[in-house]
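Participant: After the structure tokens below, expect a handful of questions from me.
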Amino acid sequence: TWRYFQDKKRVADYVLAFNSPTVTGTDEIAHSKRTLFQQNLEQEGLQIETEDCQRIHFVKIHVPVPVLAQYCEFMKIKMPMRKLANQDKIMMRDFSIQSKVGRMLCWPLRSFTRIDQDAFTSPEYRLLYEYSRNKPYLFDDHDPNFFTPNIRIAVVNFILNRTSCGENPEEKKDIGIRRLVEDRVYVDAYPLHDGCIGRKSRCQRMLLLQEWASISKCIKQQPLDHIKEYFGVNIAMYFAWLDFYTHMLIPTAIAGLIAFFYGLLTYANNRISLEICNHNSTIMCPQCDERCDYWYLNSTCNISKLAHIFDNDMTIFFSIFMSIWATIYLEMWKRYSSKIQHRWGITEYSSKVEPPRPQYLAQLRDSKKKTFNIVTGTQEPSPSFWTKKLPCFVCSYSVIFLFILVTIAAAFGIIVYRMSLNTSRNIFGVRDSPLWEVIIFPATTAIMNLLVSTILAYIYKYVAVYMTNVEYRRTQTEYNESLNLKIYLFEFANYYSSIFYIALVKGKSPGYPGKHIRILGLRQEECSPGGCLMELCIQLAIIMIGKQAIAAVKEILIPFLLQKFKELRSGFGTDEEGSDNDEQLIPYNQWAKDFNLISWNDRSLFKEYLKMVIQYGFVTIFVVAFPLGPLFALLNNVMETRLDAKKFLLYYKRAVPQRVRDLGIWYNIMHVVGKLAVITSACIISFSSNFIPRLMYKLEVGTDRGFVNHTLSYFNVSYFEPYVAPRTSKFTDVTICRYSDYRSPSGHEQQHELTSIYWQILAVRLAFIVIYQNLVSFMQIVLAWAIPDVPEWLRDQIKQERYLTNEHIIEQGKLAKPFNATPASNSDEGNEIDLNRRSIPSTKCEVMTSAREPPKASKMLKNKASEEKIDTLLSKSQIPIIDLAHCGK
15 TWRYFQDKKR VADYVLAFNS PTVTGTDEIA HSKRTLFQQN LEQEGLQIET EDCQRIHFVK
75 IHVPVPVLAQ YCEFMKIKMP MRKLANQDKI MMRDFSIQSK VGRMLCWPLR SFTRIDQDAF
135 TSPEYRLLYE YSRNKPYLFD DHDPNFFTPN IRIAVVNFIL NRTSCGENPE EKKDIGIRRL
195 VEDRVYVDAY PLHDGCIGRK SRCQRMLLLQ EWASISKCIK QQPLDHIKEY FGVNIAMYFA
255 WLDFYTHMLI PTAIAGLIAF FYGLLTYANN RISLEICNHN STIMCPQCDE RCDYWYLNST
315 CNISKLAHIF DNDMTIFFSI FMSIWATIYL EMWKRYSSKI QHRWGITEYS SKVEPPRPQY
375 LAQLRDSKKK TFNIVTGTQE PSPSFWTKKL PCFVCSYSVI FLFILVTIAA AFGIIVYRMS
435 LNTSRNIFGV RDSPLWEVII FPATTAIMNL LVSTILAYIY KYVAVYMTNV EYRRTQTEYN
495 ESLNLKIYLF EFANYYSSIF YIALVKGKSP GYPGKHIRIL GLRQEECSPG GCLMELCIQL
555 AIIMIGKQAI AAVKEILIPF LLQKFKELRS GFGTDEEGSD NDEQLIPYNQ WAKDFNLISW
615 NDRSLFKEYL KMVIQYGFVT IFVVAFPLGP LFALLNNVME TRLDAKKFLL YYKRAVPQRV
675 RDLGIWYNIM HVVGKLAVIT SACIISFSSN FIPRLMYKLE VGTDRGFVNH TLSYFNVSYF
735 EPYVAPRTSK FTDVTICRYS DYRSPSGHEQ QHELTSIYWQ ILAVRLAFIV IYQNLVSFMQ
795 IVLAWAIPDV PEWLRDQIKQ ERYLTNEHII EQGKLAKPFN ATPASNSDEG NEIDLNRRSI
855 PSTKCEVMTS AREPPKASKM LKNKASEEKI DTLLSKSQIP IIDLAHCGK
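Here is the structure:
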């Protein structure tokens with residue numbers, strides 16, 4: 015009874031909440047808008063009941079079955095068909111991830127990973143077909159459970175987003191519930207969970223919380239079909255992808271551990287480390303001006319051993335493996351998702367089928383240009399490409415790229431700040447302070463970077479939304495993907511710019527002790543004694559491990575605090591005790607309890623995708639520098655899946671089900687990131703590691719003995735620039751110091767000039783990048799060609815299903831008997847909308863050619879005389895009825 019109308023028969027499919035009115039002019043305007051909006055909802059056929067409370071009033075909405083049937087047909091929703099006679103002969107296969115990865119790697123653990131079949135029963139196999147009231151012989155629409163709760167919610171949400179609240183329905187500002195919530199006409203609008211959380215609760219929400227969202231079930235399979243039935247396809251698709259991605263990280267984690275342990279087992283006998291440790295007399299040049307002293311090369315002995323763990327002979331093989339893995343992962347996801355798409359009836363779903371956004375139609379209300387939608391077969395308003403669409407697109411992305419440049423400039427400003435700190439510490443003599451080295455210097459730069467990135471991200475979010483609103487995006491899917499791309503481009507620059515700097519720029523051309531290259535008069539940063547690759551490894555480790563650990567805590571803590579804050583502010587949530595068995599009794603209904611939860615919006619799932627795709631960039635683009643990255647990503651994702659599930663079930667309002675065919679723009683982003691990872695890995699191996707110089711030295715000399723001395727140049731300290739040489743030094747009688755570069759020694763006829771060895775190594779480095787990139791890209795192309803997007807057995811199954819469906823339709827068409835198109839429902843008795851008749855083709859044409867919304871239910875009411883007249887005209891016409899569906903042409 016918590017979710018029903020007062021008659022205890024009609025379920026509340028959706029709830030609108032608004033504050034108790036006070037005597038102000040603003041409240042009068044809001045009241046008039048609410049009244050008009052709810053009247054329009056009733057004209058659409060929805061049933062409304064108001065529940066008055068002390069502070070918050072709730073408007074319960076129920077959608078009758080005739081309206082459900084009408085809108086399911088318009089929205090082209092695929093529904094389960096009646097069981098056909100020969101459908102059991104169709105060969106079916108399980109699409110679970112265990113059939114691919116689990117059987118090969120986890121077969122001993124199948125009993126532990128298998129989902130509880132008693133709790134989550136497998137759904138009965140049914141063919142799916144686009145719902146039509148003209149074909150009642152295909153559907154069991156008289157079954158009271160035929161229209162599931164997620165379909166009811168989707169239909170109500172569709173109507174709410176396209177209903178006007180003003181006198182002029184063409185006004186953009188007067189269309190849709192979102193606008194009313196933004197204007198505070200309504201406080202919130204949300205569907206209801208199917209029950210509360212409690213020990214004795216037997217609802218689907220509680221079952222998912224216990225058997226799916228529990229951390230103790232983290233190694234279990236996910237009940238994807240049940241997730242889809244509760245949350246909708248969009249959220250179920252996210253969890254299906256996250257599950258697949260997590261399983262695919264297993265081989266990469268194993269490969270990373272092999273590369274790590276290889277470096278760990280060989281670091282003690284590494285020739286480079288041994289030479290560095292044995293160079294007791296090699297004096298290196300100062301690393302900063304005036305305040306820095308000379309130092310012995312063997313002081314970096316331990317750091318060089320640590321660097322070998324991540325920069326060894328296995329690095330290049332691990333890099334190639336990861337590049338190939340990225341291709342296999344994407345191709346296998348397409349193959350895996352094709353089975354999910356078929357099972358959920360979204361294989362042929364296209365954004366072209368999705369009705370236009372009300373805001374899009376409002377933008378084009380004065381447009382006279384029409385285009386033919388080849389999918390729906392209708393004429394739709396369309397913006398002019400040259401005068402409207404192209405200028406808005408150019409303006410939008412020009413602003414976006416301007417902000418990206420600002421982000422890069424901010425990163426450059428941090429670099430200049432770091433160089434200025436290096437100069438200031440030389441002036442004030444804090445070079446040897448452990449407090450400065452360990453805490454102050456990293457902390458100040460990190461805090462500045464955090465503040466700048468946070469401020470820019472906050473501003474950028476509003477700019478991205480505004481720029482996307484300017485664009486002419488036809489559907490909500492196109493709008494969301496455009497907005498997602500803009501925000502990802504910004505986050506890409508925000509997250510990766512400093513890492514790209516360390517990997518590809520820092521320490522690559524600092525000059526030499528006699529003449530350092532400076533920026534704004536400041537000496538460039540040089541790599542640490544362990545090398546830039548070691549510094550990059552540390553940076554990635556801190557970002558991946560630290561941020562993922564913080565995100566895991568925030569995953570539950572922040573939603574919990576927000577939910578409790580809303581509960582206290584709303585006045586609901588005081589439990590009462592006093593029952594005989596000491597159980598807590600909730601003194602309010604489901605709509606009041608859900609009101610305290612965090613509101614769900616389109617950006618909620620975007621944050622989860624963004625977090626994982628950013629992680630995917632770390633795993634692929636920079637994995638050469640941190641082979642343990644896939645392992646930490648795997649451990650994080652195992653927990654992430656269950657934490658996300660718990661968060662959605664406990665702290666968020668129930669999400670509105672949405673249809674999506676795949677990952678949308680996120681798949682394209684990961685595809686581009688995979689290509690970028692190949693180039694980045696080649697550059698890191700070429701310029702940030704010692705692989706190329708050591709390989710050339712070994713080919714020339716026959717051994718790598720003496721390689722360290724080969725990489726160090728000689729510098730006479732008498733050639734120091736003014737104010738560069740150490741003011742005071744603990745070294746005496748220093749005439750020559752060494753530095754890492756290939757330059758002629760001081761006193762040479764071409765002193766301090768780059769030697770021919772440098773240019774040879776540079777040529778080989780560039781050649782390696784070209785060869786590596788083309789070789790790996792060729793392997794990726796071959797793998798993409800060799801792995802079909804859809805399994806052969808699934809193609810055959812789809813053909814068999816289509817054949818059986820067409821044969822059944824043809825057989826029923828031969829009978830050509832009148833039929834009753836209205837599904838029966840006990841909860842909709844007394845409904846005044848009469849659709850208990852054959853669907854009139856002309857009415858359907860009117861619906862499809864409007865390109866805005868289906869006709870209001872009141873307009874669908876026809877008297878019997880009109881129906882008989884139309885039937886007479888149709889019987890005399892020689893045009894088949896089925897052709898009338900294409901009248902939009």
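Counted from 1, the sequence shown has number 497 at position 483 by this note's numbering; the numbering is strictly sequential.
Here a beta-carbon is modelled for each residue, glycine too, at the ideal position from N, C-alpha and C.
Under DSSP, the beta strand (DSSP E) around V29 begins and ends at which residues?
Facilitator: It spans Y28 to N33 - the beta strand (DSSP E) in which V29 sits, taken as one unbroken run.
Participant: In the DSSP assignment, find the unbroken beta strand (DSSP E) run with W249 in it and report its ends.
Facilitator: Sequence check: residue 249 is Ile here, not Trp. I249 -> not in any beta strand (DSSP E); alpha helix (DSSP H) instead, spanning V247 to T280.
Participant: Can you give the Cα-Cα distance for R17 and N248, rounded to whole angstroms?
Facilitator: Each residue's alpha carbon lies about 24 angstroms from the other.
Participant: Starting from C751, follow the beta strand (DSSP E) in both directions and report where the run begins and ends.
Facilitator: Element bounds for C751: I750 to S754.
Participant: Does A83 pass the burial test, meaning 16 or more other C-beta atoms within 10 Å, or should it be called exposed?
Facilitator: With 16 or more Cβ atoms within 10 Å of its Cβ, A83 is classed as buried.
Participant: I'd like the span of the alpha helix (DSSP H) that includes S351, first residue to last.
Facilitator: First-last of the alpha helix (DSSP H) with S351: M328 to W358.
Participant: Report the CB separation of D325 from S703 in whole angstroms; it is logged as a contact under 8 angstroms.
Facilitator: Yes, they are in contact, since the Cβ atoms of D325 and S703 sit about 5 angstroms apart, within 8 angstroms.
Participant: Along the chain, where does the beta strand (DSSP E) that runs through E58 open and close?
Facilitator: Where E58 is concerned, there is no enclosing beta strand (DSSP E), given that its DSSP letter is neither H nor E.
Participant: Between the stretch 367–376 and the stretch 187–205, do at least 3 Cβ pairs fall closer than 8 angstroms?
Facilitator: A contact exists between the stretch 367–376 and the stretch 187–205.
Participant: How close, in whole Å, do the beta carbons of V778 and I706 come, if the pair is a contact with beta carbons under 8 angstroms?
Facilitator: Confirmed, about 6 angstroms.
Participant: Given S758, which residues of its chain have a CB within under 7 angstroms of its CB, disregarding the five upstream and five downstream residues?
Facilitator: Result list for S758: Q764, Q765, H766, E767 and T769, in chain order.
Participant: Just verifying my parser: in three-state terms, what is the DSSP assignment at D658?
Facilitator: Reduced to three states, the DSSP call for D658 is helix.
Participant: Buried or exposed for H240, please, with buried defined as at least 16 other CB atoms from any protein chain shown within 10 angstroms of its CB.
Facilitator: Classification of H240: buried, given that the 10 Å Cβ count is 16 or more.
Participant: Skipping 5 residues on each side, what residues in its chain have a beta carbon closer than 7 angstroms to that of E846?
Facilitator: Residue placement at E846 cannot be trusted, given a pLDDT of 37 that sits under 50; the coordinates are not used to answer.
Participant: Using three-state DSSP, classify Y308 as helix, strand or coil.
Facilitator: Coil, per DSSP.
Participant: Can you give, in chain order, each stretch of the beta strand (DSSP E) that sits fully within the stretch 64–92 and has at least 3 residues?
Facilitator: Listed in chain order, the complete beta strand (DSSP E) runs (minimum 3 residues) inside the stretch 64–92 are 70–76.
Participant: Determine the extent of the alpha helix (DSSP H) in which L808 is found, giving its start and end residues.
Facilitator: Run containing L808: E806 to L829, per the alpha helix (DSSP H) assignment.
Participant: Looking at the ligand FAD, does it come within less than 7 angstroms of L664, judged from the CB to the closest heavy atom?
Facilitator: Among the ligands in the structure shown, none appear at all, so the ligand FAD cannot be discussed.
Participant: Taking Cβ positions, are T819 and Y143 nearer each other than 8 angstroms?
Facilitator: For T819 and Y143, yes; Cβs fall inside 8 angstroms.
Participant: Tell me where the beta strand (DSSP E) around L768 begins and ends.
Facilitator: Neither: L768 is in no beta strand (DSSP E) and is coded neither H nor E.
Participant: Between E867 and V796, what straight-line distance do the alpha-carbon atoms span, to the nearest angstrom?
Facilitator: Low confidence applies to E867: its pLDDT is 44, below 50, so where it sits in the model is not reliable, and the reading given next is rough at best. If I take the Cα positions, the gap works out to 46 angstroms.
Participant: Are K74 and V199 touching if we call contact CB-CB under 8 angstroms?
Facilitator: Cβ atoms of K74 and V199: not closer than 8 angstroms.
Participant: Compute the Euclidean distance between the alpha carbons of P573 and N650, then round it to the nearest angstrom.
Facilitator: Taking the straight line from one Cα to the other gives about 19 angstroms.
Participant: Give me the residue from T468, L499 and V637 with the minimum Cα distance to A267.
Facilitator: With distances taken between Cα atoms, A267 lies closest to V637.
Participant: CB-CB under 6 angstroms to V25, same chain, minus the five flanking residues each way: which ones, in chain order?
Facilitator: So the qualifying residues of the chain are R17 and Y18.
Participant: Which residues in the same chain as M548 place their Cβ atom closer than 6 angstroms to its Cβ, once the five residues preceding and following it in sequence are excluded?
Facilitator: Contacts found: A321.
Participant: Please report the distance separating the alpha-carbon of A781 from that of Q774.
Facilitator: Near 11 angstroms, if we compare the C-alpha coordinates of Q774 and A781.
Participant: Cα-Cα, which of L50, K348 and I104 is closest to I812?
Facilitator: Comparing Cα positions, the closest option is I104.
Participant: Near E345, which residues of its chain fall below 6 angstroms by C-beta distance, leaving aside the five closest residues on each side in sequence?
Facilitator: Closer than 6 angstroms at Cβ, skipping near neighbours: A798 and I801.
Participant: What three-state label does DSSP hand C859 in the structure shown?
Facilitator: With a pLDDT of 33 at C859, under the threshold of 50, the predicted position of this residue should be treated as unreliable, though the coordinate-derived value follows. In the structure shown, C859 sits in a helix (DSSP, three-state: H, G or I).
Participant: Within the same chain, show all residues whose beta-carbon is closer than 6 angstroms to that of Q562, passing over the 5 residues directly before and after it, in chain order.
Facilitator: Once the five neighbours on either side are set aside, the close Cβ partners of Q562 are N650.
Participant: Can you tell me the Cα-Cα spacing of V567 and K661, whole angstroms?
Facilitator: Going by the C-alpha atoms only, they are around 12 angstroms apart.
Participant: Our contact map puts P397 next to L378 with C-beta atoms below 8 angstroms; I'd like the distance itself, whole angstroms only.
Facilitator: 6 angstroms between Cβ atoms; contact.
Participant: For S381, does the three-state DSSP call read helix, strand or coil?
Facilitator: If DSSP states are grouped into helix, strand and coil, S381 belongs with coil.
Participant: By how many angstroms is the C-alpha of L664 removed from the C-alpha of S287?
Facilitator: Each residue's alpha carbon lies about 54 angstroms from the other.
Participant: Any chance the stretch 688–696 sits against the stretch 328–345, with 3 or more Cβ pairs inside 8 angstroms?
Facilitator: Touching, per the Cβ criterion.
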